[in-house]
Amino acid sequence: MTIDFTSHLNPAQWEAVSAARGPLLVIAGAGSGKTRTIAFRLAYLVQQGVAPENILLMTFTRKAAQEMLSRAAHLIGRELGGVAGGTFHSFAWTVLRRYAPALGFPEGFTIMDAPDMREIVGQIRTELGLGKKDRAFPKRTTILGLISKSRNKEIDLAVLLEQETPHLIPYAGDILRISQAYAAFKTRHGLMDYDDLLFNMERLLLERPDLTEFLRIRHPHVMIDEFQDTNKVQARLVRLLAADGRGVMVVGDDAQSIYAFRGAEVRNILSFPTQFPETVIVRLEENYRSSQAILDLTNAVLRGAVSRFEKNLFSRRANGRKPQLIHTVSDQTQARMVVDKVLELSQNYRLRDIAILFRAGFQSYPVEMLLNRIGLRFRKYGGLKFTEAAHIKDVLAYMRLILNPADLPAWFRAVSHVKGLGPKTCSRFCQAVLEGDQAFIAQLAKKFPDVDQAFALINSLRAEKPAPDSALERILEFYSPIFQLRYPDDYPRRQAGLEQLQQMAAAFDDLDAFLTELTLESPDQDDEEMDDHLVLSTVHSAKGLEWSAVLVIDLVNGRFPSRHALEREEDMEEERRLLYVACTRARDYLALFVPSSVYNRFQGGSEPAVPSLFISELPEHCYEEWRENYLGQLHLRHSSRQDQALPRGQKALPGNAPVKSAPRPLGFCRHKIFGRGKIVEVLPPGRLRINFSGFGLKIIQADFVILED
DNA sequence: CACCAATCCGATTTA
DNA sequence: CGGATTGGTG
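For the first sequence, our numbering begins at 393 and goes up steadily by one.
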């Protein structure tokens, strides 16, 4: 089967797809068909006779890799099963798990997630007696952040403190001690954190040239996506895997670099041509995603930035609607305006084509509450992860202990739910387990029968080596009663998470692979892939995705840009790129919300907020400006006749169905999402209990329904 | 005194 | 959700 490549690709894309096997750098502007290009490149290579297993495809998430592979498979009409792919971390794991003993690690080493890391650093901090008296002593999260940043940027800890947090210089010695103790702790207990995966992989490749050679022969084609977000060690890994750069294709966009905080080096992409002198550079500049009106705004956002590869994004799409800049009275009313807007948009778009984006996970809480209240389904990305929820971690701890008896954070979790057993005794217990102090264990087990049971369970599971799903089943038998006591208020909701975990477990036959997958790749949680969800996401988690309509909220100084970034020029640059990423996710409609006041901070109430610097910079012709008055109505600014306030729900979209806001008791009504329903009860203030066929009883703001006569 | 449980307030971003 | 603080118990 031959593919007519050129009819599906523009000249630049075709150049990238058909490039010879040499170092290749593709600068892919936002929306320029990057995924498409990589998919076609995969298909092209395979069609040229390259075996899939000779390709290594590194992407930012495994989902992205799967997307590209399935598109390529569709093109050539058969699966590309053998392609090695995933994130740097997951690739490192697949290699390390086989060769870890060569580095002095146990074969069943455990990968720690963020809560584990926090826990350990916290314990070390208290063990060393640091910060007990001194209230200003940095918190464990701060310390951990510094340790990881210093490793990722490969800057000496003391120097990093000087550069970024001069006020912590007095603590340099103590932080260094903690950092060393942390490293020793990991080695002692067979643990690796995310950074270790990369550094240990590098060490392995350097110490074992035979293995490096084997990998080079195995993967003569290496493709790396999102190269602008790789750090130093990742760049060195690329060089190790592809000595002279032949067969290496890196793809990225320096304007979308948003991971400097974890050591990403834009220089990796900027200096790639210098590293590999024969590099062919291809620029993808035609944008297929956004309307020109949106691109005008995103280009303006970028104008103030230092972008070193010249870019000239253009779109052939019709000009489209101007982005809307919406000032709201407060962040509370912002939530209402956002939900209103979503309901309006949902007349023209499916919910899954609409996204609400924000800088940090907690910023969506007010919107989430409102969405829950009207019963609108949404899915949230970013913020807390499924696997980091306390009850999931509890269960996973038992599973980890089956493989790695030295996994101390897991021991800690496995027994800490027992009443009357606090952190101190827990630590001592863990110590006893590791040292084999049977006397202490027996003594404790006598006092706390649950400890004894947990111990017995793990021992028997370790002897049986069951498959992930049956192990989980046994663990849940034990855990269920504990679980219901521990989360009396919301255990049904959490129960659903456990059931989901069981489903996932059933897809694995190897316990180790299952646990790693959960740590390295946050699961999609799409058990209901089919149904139509609104998306709420941090900008970071929205990378690489797109929606027809995008609403960005909380565009005020201190929130977006984040208050942590206000002091340093380079941090502000990253915030700017972050906003660029957010806005370039939109195809047809973009709304930027600027609350005039935000809740909390000192004094309990709300405080006035200043519009985001990046917004005030924008030339006025880029957007259409709306302002909410104190009656909750939106006014268009700088407009002659249409300056009139429109009733809520009718504001912006032309051709919107009129909405009556005075609720009439009982009768029937119509809802944009749920259709026709019967009003069962009026719930002051302004809410209705409505029975929708197919959806059941919902409590809904009267404003959101149209009453029937 | 040492440890644990309950409560309230504040919140970067991620593999 | 986590941390810091406070109050209670052995």
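Yeah, the Cβ is synthetic: ideal placement off N, Cα and C, and Gly gets one too.
In this structure, what does DSSP give as the bridge partners for residue 1090?
One-based indexing of the first sequence puts residue 1090 at position 698. Residue 1090 pairs with 1082.
With the cut-off set at 8 Å, would you say residue 411 and residue 642 are in Cβ contact?
As a position in the first sequence, residue 411 is number 19, starting the count at 1. As a position in the first sequence, residue 642 is number 250, starting the count at 1. In this structure, residue 642 does not lie closer than 8 Å to residue 411 by Cβ.
Coarse secondary structure for residue 574, derived from DSSP in three states
On the first sequence, residue 574 is found 182 positions in, with the first residue counted as 1. Note: residue 574 maps to helix in three-state DSSP.
Extent of the continuous beta strand (DSSP E) to which residue 1014 belongs:
For the purposes of this step, residue 1014 is taken as the residue at position 622 of the first sequence. Note, residue 1014: premise wrong, no beta strand (DSSP E); not H, not E.
Taking the CB atoms as reference points, tell me whether residue 801 and residue 508 lie closer together than 8 Å.
Start at 1 with the first residue of the first sequence, and residue 801 comes out as number 409. Start at 1 with the first residue of the first sequence, and residue 508 comes out as number 116. Contact: yes.
Where does residue 403 land, buried or exposed, given buried means 16+ other C-beta within 10 angstroms?
In the first sequence, the residue the question calls residue 403 occupies position 11. Around the beta-carbon of residue 403, fewer than 16 other beta-carbon atoms lie within 10 Å, marking it exposed.
Pick helix, strand or coil for residue 1002, following the three-state DSSP scheme.
If you number the first sequence from 1, residue 1002 lands on position 610. Looking at residue 1002 - three-state DSSP - the assignment turns out to be coil, as it is neither helix nor strand.
Within 10 angstroms of its Cβ, does residue 711 collect 16 or more other Cβ (buried), or is it exposed?
By one-based count along the first sequence, residue 711 stands at place 319. With fewer than 16 other Cβ atoms within 10 Å, it is exposed.
Just tell me which of 479, 514 and 463 has its CA closest to the CA of residue 618.
Here residue 618 is taken as the residue at index 226 of the first sequence, counted from 1. For the residues 479, 514 and 463, the minimum Cα distance to residue 618 belongs to 479.
Inter-stretch contact (C-beta, 8 Å, three-pair minimum) for the region 529-542 and the region 553-573:
yes
With residue 863 and residue 931 assumed to form a contact (beta carbons below 8 Å), what rounded beta-carbon distance in angstroms separates them?
Start at 1 with the first residue of the first sequence, and residue 863 comes out as number 471. Start at 1 with the first residue of the first sequence, and residue 931 comes out as number 539. Wrong, their Cβ atoms sit about 38 Å apart, outside the cutoff.
In the DSSP output, which residue or residues are listed as bridge partners for residue 772?
As a position in the first sequence, residue 772 is number 380, starting the count at 1. DSSP output for residue 772 lists 928 as bridge partner(s).
Other residues of its chain near residue 947: CB distance less than 7 Å, five sequence neighbours each side excluded:
The residue given as residue 947 occupies position 555 in the first sequence. Cβ within range, chain order: 984, 985, 986, 1003, 1004 and 1007.
Paired residues, beta bridge with residue 616 - DSSP
As a first step, residue 616 is located in the first sequence; it is residue number 224 there, counting from the start. DSSP lists 450 and 642 as the beta-bridge partner residues of residue 616.
Close-in-space but distant-in-sequence residues of the same chain around residue 511 (CB under 8 Å, 5 per side omitted)
Within the first sequence, residue 511 is the residue found at index 119, counting from 1. Hits under 8 Å: 801 and 804.
Does DSSP classify residue 720 as helix, strand or coil?
Translated into the one-based positions of the first sequence, residue 720 becomes position 328. If DSSP states are grouped into helix, strand and coil, residue 720 belongs with the strands.
What residues are listed by DSSP as bridge partners for residue 1071?
For the purposes of this step, residue 1071 is taken as the residue at position 679 of the first sequence. Residue 1071 is bridged to 1059 and 1082.
Could you have a look at residue 706 and say whether DSSP puts it in helix, strand or coil?
To locate residue 706, count along the first sequence from 1; it is residue 314. Looking at residue 706 - three-state DSSP - the assignment turns out to be strand.
I need the straight-line Cα distance from residue 546 to residue 659, nearest angstrom please.
On the first sequence, residue 546 is found 154 positions in, with the first residue counted as 1. On the first sequence, residue 659 is found 267 positions in, with the first residue counted as 1. If I take the Cα positions, the gap works out to 14 Å.
Nearest residue (CA-CA) to residue 1095, options 939, 766, 706 and 461
What you label residue 1095 is simply residue 703 of the first sequence in a count that begins at 1. Nearest of 939, 766, 706 and 461 to residue 1095, Cα basis: 766.
Given residue 970, which residues of its chain have a CB within under 6 Å of its CB, disregarding the five upstream and five downstream residues?
Numbered from 1 along the first sequence, position 578 holds the residue referred to as residue 970. Closer than 6 Å at the Cβ level, and outside the excluded window around residue 970, lie 650 and 931.
If you check the beta carbons only, do residue 716 and residue 758 fall under 8 Å apart?
Residue 716 sits at position 324 when you count from the first residue of the first sequence. Residue 758 sits at position 366 when you count from the first residue of the first sequence. The answer is no: Cβ separation not under 8 Å.
Cβ distance (whole Å) where residue 468 is taken to contact residue 485 below 8 Å:
Reading the first sequence from its first residue, position 76 is the one you call residue 468. Reading the first sequence from its first residue, position 93 is the one you call residue 485. Their Cβ separation, rounded to whole angstroms, is 29 Å, which puts residue 468 and residue 485 out of contact at 8 Å.
Excluding five sequence neighbours on each side, which residues of the same chain lie with their C-beta closer than 8 Å to the C-beta of residue 935?
For the purposes of this step, residue 935 is identified with residue 543 of the first sequence, where counting begins at 1. Cβ neighbours of residue 935 beyond the five flanking positions: 452, 618, 648, 650 and 973.
Beta-carbon proximity list for residue 1049, same chain, < 6 Å, skipping 5 on both sides
For this step, residue 1049 is matched to residue 657 along the first sequence. Summary for residue 1049: the model assigns pLDDT 35, below 50, so the residue's position carries little reliability; its value from the coordinates is reported in the next sentence. Here the set comprises nothing.
Does the distance from the CB of residue 430 to the CB of residue 615 come in under 8 Å?
Stepping through the first sequence from its first residue, residue 430 is reached at position 38. Stepping through the first sequence from its first residue, residue 615 is reached at position 223. Yes, these two residues count as a Cβ contact at 8 Å.
Based on the DSSP output, what are the partners of residue 502 in its beta bridges?
As a working mapping, residue 502 is identified with position 110 in the first sequence. The partner list for residue 502 (beta bridge, DSSP) reads 583.
Measuring CB atoms only, is the region 940-954 touching the region 825-833, in the sense that at least three cross pairs come out at less than 8 Å?
no
Sequence-distant residues of its chain with Cβ nearer than 7 Å to residue 563 (five each side left out):
As a first step, residue 563 is located in the first sequence; it is residue number 171 there, counting from the start. Once the five neighbours on either side are set aside, the close Cβ partners of residue 563 are 529 and 530.
According to DSSP, which residues form a beta bridge with residue 1027?
Locating residue 1027 in the first sequence gives position 635, counting from the first residue. Beta-bridge pairing links residue 1027 to 1019.
Taking contact to mean 3 or more Cβ pairs, one atom from each stretch, closer than 8 Å, check whether the region 841-856 and the region 776-788 are in contact.
no
Are residue 501 and residue 593 closer than 8 Å when you measure CB to CB?
For the purposes of this step, residue 501 is identified with residue 109 of the first sequence, where counting begins at 1. For the purposes of this step, residue 593 is identified with residue 201 of the first sequence, where counting begins at 1. Against a cut-off of 8 Å, the Cβ pair of residue 593 and residue 501 comes out as no contact.
Apply the 10 Å Cβ neighbour rule to residue 444 and answer buried if 16 or more other Cβ atoms are within range, or exposed otherwise.
On the first sequence, residue 444 is found 52 positions in, with the first residue counted as 1. Flag for residue 444 reads buried.
Cα separation between residue 425 and residue 493?
As a first step, residue 425 must be located in the first sequence, where it is residue number 33. As a first step, residue 493 must be located in the first sequence, where it is residue number 101. If I take the Cα positions, the gap works out to 43 Å.
First through last residue of the alpha helix (DSSP H) which encompasses residue 867
The residue you call residue 867 lines up with position 475 of the first sequence. Per DSSP, the unbroken alpha helix (DSSP H) holding residue 867 starts and ends at 860-878.
Please classify residue 1015: is it buried, with 16 or more other beta-carbons within 10 angstroms of its beta-carbon, or exposed?
In the first sequence, residue 1015 corresponds to position 623, counting from 1. So residue 1015 counts as buried.
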